[in-house]
Amino acid sequence: MTVASPRLLLVEDDRALAELLSRVLTEEGHAVTLAEDGQRALHLALTGHWDLLVVDRGLPALEGLDLIGRLRGRGVAAPILVLSARGTTQDRVDGLDAGAEDYLTKPFEVAELLARLRALLRRHAGGSRTVRLPGGELDVAARRVHRSTEDDVDLSDRECRLLGVLASRPRQVFTRRELLVQVFGDAESESIVDTYVHYCRRKLGRQVISTVRGLGYRLGPT
Ligand code: CA
Numbered sequence: 027m028t029v030a031s032p033r034l035l036l037v038e039d040d041r042a043l044a045e046l047l048s049r050v051l052t053e054e055g056h057a058v059t060l061a062e063d064g065q066r067a068l069h070l071a072l073t074g075h076w077d078l079l080v081v082d083r084g085l086p087a088l089e090g091l092d093l094i095g096r097l098r099g100r101g102v103a104a105p106i107l108v109l110s111a112r113g114t115t116q117d118r119v120d121g122l123d124a125g126a127e128d129y130l131t132k133p134f135e136v137a138e139l140l141a142r143l144r145a146l147l148r149r150h151a152g153g154s155r156t157v158r159l160p161g162g163e164l165d166v167a168a169r170r171v172h173r174s175t176e177d178d179v180d181l182s183d184r185e186c187r188l189l190g191v192l193a194s195r196p197r198q199v200f201t202r203r204e205l206l207v208q209v210f211g212d213a214e215s216e217s218i219v220d221t222y223v224h225y226c227r228r229k230l231g232r233q234v235i236s237t238v239r240g241l242g243y244r245l246g247p248t
């Protein structure tokens with residue numbers, strides 16, 4: 027399946043680079059919308075429908091990898107390519123663990139960016155996003171965990187978002203505060219995080235989320 031005019035959200039605060047990329051991406055056939063800071067990008071990404079996101083890592087208001095973690099936690103499934111001046115192996119690993127599909131280090135050749143975006147669109151055409159969990163795979167759109175040895179499990183929206191955020195950075199310990207903000211919004215108390223961790227464990231087994239005493243929660247067994 028080819029997408030006639032992919033809707034692309036470009037998140038880049040460098041005005042000159044943003045203008046250059048907007049022009050070449052539009053020439054390539056993308057319908058480009060530009061966000062110049064992380065908060066604006068978060069709003070646009072959550073309220074619109076996108077086929078691709080290109081996200082600069084160093085952004086005002088909300089850093090690029092935090093932005094991606096929040097989007098993945100809320101079920102935004104579009105493929106994301108990160109642009110960054112930081113190009114060590116660890117930087118790339120951090121970007122991919124945050125939920126990006128691809129990572130390109132600045133400076134880059136425009137032709138390579140375009141080729142990588144075409145590859146992302148091909149891989150994601152018609153597909154739905156799945157998240158790897160201990161003992162199974164979470165289909166975010168269907169809110170269902172497919173397990174290899176047991177029956178599938180259906181999740182509520184909040185259970186799905188909680189697991190999505192934890193799985194967006196599988197090795198990271200999240201504080202209850204971070205999970206409250208990313209999954210439930212600021213309005214409620216941190217105890218709701220414990221409640222939903224309990225619900226997820228009841229459905230999927232204790233090993234799905236571990237408690238890191240004094241710090242918070244992390245995906246997977248202790
Ligand atoms: Ca930047």
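According to this note's numbering, the sequence shown is numbered sequentially starting from 27.
Positions of the beta carbon are idealized from the N, C-alpha and C atoms, including for glycine.
On a predicted model such as this, the values are computed, not experimentally measured, just so you know.
Going by C-alpha positions, ARG149 is about 19 angstroms away from LEU36. Taken in chain order, the whole beta strand (DSSP E) runs of length 3 or more contained in the segment 33-90 are 33-37, 57-61 and 78-82. Under the three-state reduction of DSSP output, PHE210 falls in the helix class.
With 5 angstroms as the limit, the residues whose C-beta approaches a heavy atom of ligand 1 more closely than that are ASP39, ASP82 and GLY84, in chain order. Around VAL219, the same chain offers ARG202, LEU205 and LEU206 as residues with beta carbons nearer than 6 angstroms, after the five sequence neighbours per side are excluded. Put simply, the segment 65-77 does not touch the segment 155-164. Fewer than three CB pairs are less than 8 angstroms apart. If you check the CB distance, VAL209 and LEU188 come in under 7 angstroms. Residue state for ARG149 is assigned as helix, using DSSP reduced to three classes. For LEU189, the enclosing alpha helix (DSSP H) starts and ends at 183-194.
GLU138 and THR115 have their C-alpha atoms spaced approximately 19 angstroms apart. For VAL50, same chain residues with a beta-carbon under 6 angstroms away, outside a window of 5 residues either side, are VAL136 in chain order.
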